[in-house]
Every structure is written in C-alpha cells, then in structure tokens.
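Asks:
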Amino acid sequence: MATPTLDKVDDAKPASVASPYITVTFRIRRFNPEISAEAEWQDFQIEIDPKERVLDGLHKIKWETDGTLTFRRSCAHGICGSDAMRINGKNRLACKTLIKDINPEKPITIEAIKGLTVLKDLVVDMDPFFQAYRDVMPFLITKGNEPTRERLQTAEERERFDDTTKCILCAACTSSCPVFWNDGQYFGPAAIVNAHRFIFDSRDEAGEQRLEILNDKDGVWRCRTTFNCTDACPRGIEITKAIQEVKRALITRRF
Amino acid sequence: MSIETTGAVGPVEGVSRYDVDNPAPVIEPPRARTKKTPKSTRTNFELYGWLFMRLSGIVLVVLVLFHLLIQLVLDGGVSKIGFAFVAGRWASPFWQTWDLLMLWLAMLHGANGLRTVINDYAERPNTRFWLKNLLYTATVFTVLLGTLVIFTFDPNIR
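Those sequence lines, one after another, are chains R and L.
Residues in the first sequence are numbered consecutively from 0, following numbering that gives the first Met the number 0.
Residues in the second sequence are numbered consecutively from 0, following numbering that gives the first Met the number 0.
(1) Have a look at L/77, L/126, L/98 and flag the residue whose alpha-carbon is nearest the alpha-carbon of residue 177 of chain L.
(2) May I ask you to report which of helix, strand or coil DSSP gives residue 219 of chain R?
(3) Tell me which residue opens and which closes the beta strand (DSSP E) that residue 41 of chain R is part of.
(4) Relative to the C-alpha of residue 214 of chain R, which residue among L/21, L/44, L/22 is closest?
(5) With a cut-off of 8 Å, do at least 3 Cβ pairs link the segment 101 to 109 of chain R to the segment 153 to 162 of chain R?
(6) Does the distance from the CB of residue 250 of chain R to the CB of residue 50 of chain L come in under 9 Å?
(7) Under 9 Å between the Cβ atoms of residue 22 of chain L and residue 32 of chain R?
(8) Given this structure, state the Cα-to-Cα distance separating residue 228 of chain R from residue 96 of chain L, to the nearest angstrom.
(9) Return the chain-ordered list of same chain residues with a C-beta closer than 7 Å to the C-beta of residue 225 of chain R, the five sequence neighbours on each side being excluded.
(10) Counting only beta-carbon separations shorter than 9 Å, does residue 120 of chain L have a partner in chain R?
(11) Answer yes or no: do residue 39 of chain R and residue 30 of chain R have a C-beta to C-beta separation smaller than 9 Å?
(12) For residue 173 of chain R, count neighbouring Cβ atoms within 10 angstroms of its own Cβ and tell me buried if that reaches 16, exposed if not.
(13) Answer with yes or no whether the minimum CB distance from residue 114 of chain L to chain R is below 9 Å.
(14) Residue 44 of chain L CB to nearest chain R CB: under 9 Å?
(15) Under the three-state reduction of DSSP, which class applies to residue 82 of chain L: helix, strand or coil?
(16) Report all residues from its chain with a CB closer than 8 Å to the CB of residue 50 of chain R; omit the five preceding and five following residues, and keep chain order.
(17) Based on Cα-Cα distance, which residue from R/113, R/62, R/83, R/93 lies nearest to residue 180 of chain R?
(18) So, is the C-beta of residue 6 of chain L closer than 9 Å to a C-beta in chain R?
(19) What in chain R is Cβ-close to residue 54 of chain L, meaning under 7 Å?
(20) Listed in chain order, which residues of the segment 57 to 69 of chain L have Cβ atoms closer than 9 Å to some Cβ of chain R?
(21) Helix or strand or just coil, what does DSSP make of residue 231 of chain R?
(22) Leaving out the 5 sequence neighbours to the left and right, which residues in its chain are closer than 6 Å to residue 141 of chain R when beta-carbon positions are compared?
(23) Indicate the three-state DSSP secondary structure (helix, strand or coil) for residue 84 of chain R in the structure shown.
(24) Can you check whether the CB of residue 139 of chain R is closer than 9 Å to the CB of residue 202 of chain R?
(25) At a CB-CB cut-off below 7 Å, which residues of chain R make contact with residue 23 of chain L?
(26) Check for me: the alpha helix (DSSP H) holding residue 135 of chain R runs from which residue to which?
(27) Beta carbon of residue 231 of chain R, beta carbon of residue 135 of chain R: below 9 Å?
(28) Quick one: residues in its chain with C-beta nearer than 8 Å to the C-beta of residue 122 of chain R, no 5 flanking neighbours on either side, listed in chain order?
(29) With 16 other CB atoms within 10 Å as the buried threshold, where does residue 239 of chain R fall?
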C-alpha cells in the first residue's frame, strides 16, 4: 500500500490521543453493463484522514471494501491525467483533491465525467476526446531541411504558448463544456488548447492548417465563453483565454 | 438463462437481464466517424457569423436605445404615437434608413443568436432541422414584410 499509515486505523488509539481519522461518506455513481442498464448511486462509509486525497479514499474502498469499484488512475500525482472525475459536481483530478477541501461533513459525490460514454463506474470511453485531439495535428510540422542543431527560440517566443504546454489531457475541461455535452461534435477545449500550443509556437509552420481546422462549424466559434473549462482545469490553464486567442488569430488573419 | 423469460421489462427481483456475455447497451459515443458525419465545411461562415454578432450588437445598442428614447420618452412619451406620428417620421429618408437598418440588423442578430441556441440545445438532427426551418421562415417573412412596409408606406392610405 502506498500510504502505510492508513493501516493502523482504529483499536490501538486511546481516546486521549486525538485521532486524525474521520468518517466520510463517498456517494459513487456505479454503472455495470453486465448487471444493469441503469446507473445508480452507492454510499460507502470510510475512516480516513481528511488530509488524504479523494483517490486514497477510492483506493481504500477498492482494496478493502468493494473490489469491483472501477476507476482509472496511473501516476496518482496529477501528471498522467487518468483520474479526472466529477467530484461534488465539479470536474477534478481525484489525486489532487484533498478530502478536507470538499466538505467531508456531507456525502462526497463522485461520478464519471460527463459527455463521454460510461463503460463502467468511473471509466469512460475517451476515444471521441482523443479523436478531436488528433484532428488538430498536435505535433511539430516544419518545411524544408532539418537543421543540424536544435530549432532555436527566444525566451519570449517560448513564453507565448507556455500556458498551453501544461495540458495533461485529462479531459476535465472538455467534459465540463456544455457545448460538448450536447452532441459531442464540438472539438472541445482540450483540442483547442493543444492546437494553440502549436499555432503560437514560432518553430511550427502548420499554424495556418490548424486554424483552418478550428475554423470549422464545430471549431472555436462554438465556444460560448462559459469558463467551465477554465474552472475545471487541474493545471490552471487559462483555457478560455487560449480559445479566444485562436479566434483572434483567425480574425486578424482574414482582415 | 433468464433473458428469454423476463422479456423487455428489465431486472426482476434480483434476476438481471444482463450478464458477462450479454452486457447492457452503452450510450453511443459522440464524434464517432460514420457515413452520416458531415464533411468539414471549409468556409468562413461561422467566422463571419461570430463577427456579425459583435458588430451588429454595437450598432444596435445605439439604434435601439435612441429608438426607445424617441418613441417612448421624449415629447409626450408613448401617447403621441399614432398613424400621423409614424407617417411624419417616415416622410424623412433619414428615419426610413434608421428603421430599415434597425429591422435588418435586429432580425439577423436575433436569428443568428437563435440559430446558435438551436445548435447548442437541439439534440436530434431532425429537431434541429425543423426548428431552424421555422426560424429562417419567420425571419425572412418578417424582414421582407418590414422592408416592404418601409418602402411602400403611403401616408394618404384610406
């Protein structure tokens, strides 16, 4: 177990020593297509230190109470972007959300991110999300011969797109976007952020093509600037600003 | 197997219709590429639509606020409005142009706004198609009728 302190929960502690553990209710949206077509809420009571993360609570449930609970996580430290989920109605990374920060007095609701097909419990089909990501060609495209040394860039040129390099593709933004919820045809904030990362990169030469792709009817013009994506981003990327910058680039390119 | 006997009603008293070999259907993933998926448009329509909303909005703020001020506040307020008042204003090409511009911009601005609302909220392609049809018909009718009235207004009509 990654956090050995969790093991010595109850008995040995006398009342004189204040126990750091509290009882928290996790209300988890369960779905298993092999049992029922309906998803339903299930409550789990766990003893946990409120300074632990929601992911630790999920681990505790999976490892000690109900092994069928299904969720994704890889690095468990906010880098891989596997465990984005809707916690208390807001998209967050379970591995970056401390239990004390989300009012453990009340049941903590945990469900899969919205707008994508739920496969089981908290696991969704990420294919449409990555399809949109692939559509914006998220890789360096250049013309001519390759230079013999690295492609140099000034600190200012690097700074231009620094914010959008932070994306970990967790889909918290795209699955918080009400326009994406409707029919899933909108490219979504994450794809636009990753297009922005290359459009404003001085070394890249396919910005024009990416702008053309995002000029599509399901491209940047469907953004309603509701800022859900910016609120949801666990990396604090100013996503709405990036989308607006792409819009501005499209307009200044035309006129 | 209970699947044949329970029919289409769903799980009955602890017996599930679904098992490992027969899972429940999941909701179709969005953005799957099918034959019906519309091809990418490669036009600037959405760009111009977006820009039009901003520009017409700015112009409309001036047009509509002054319109309301003249019609409802200044010079006796709403009680002065009658056939004679309208006839008097439309005798001047300035007010004709003002009203024409306001009619066109407000109608197109509103129609484009509703078009995006329909795009955002209508879930089935059919609903979307018919709502938009209704919207475009109403818009064209109102714009044409208004334009016709402004240009062919006859103050001596009996």
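Ideal Cβ placement from N, Cα and C applies to all residues, glycine included.
Replies: Walking through what the data contain:
(1) Residue 177 of chain L is absent from the model: chain L starts at 0 and stops at 157.
(2) helix
(3) 39 to 47
(4) L/44
(5) no
(6) yes
(7) yes
(8) 43 Å
(9) 177
(10) yes
(11) yes
(12) buried
(13) no
(14) yes
(15) helix
(16) 19, 97, 98, 99
(17) R/113
(18) For residue 6 of chain L, the pLDDT reaches just 42, beneath the cut-off of 50, and the residue's location in the model is therefore unreliable, although a value from the coordinates is still provided. It does not; no Cβ of chain R falls within 9 Å.
(19) What residue 54 of chain L touches in chain R: nothing, since even the nearest Cβ is about 11 Å away.
(20) none
(21) helix
(22) 204
(23) strand
(24) yes
(25) 32, 35, 36
(26) Taken as a continuous stretch (DSSP letters only), residue 135 of chain R belongs to no alpha helix (DSSP H), as it is neither H nor E.
(27) no
(28) 69, 70, 71, 111
(29) buried
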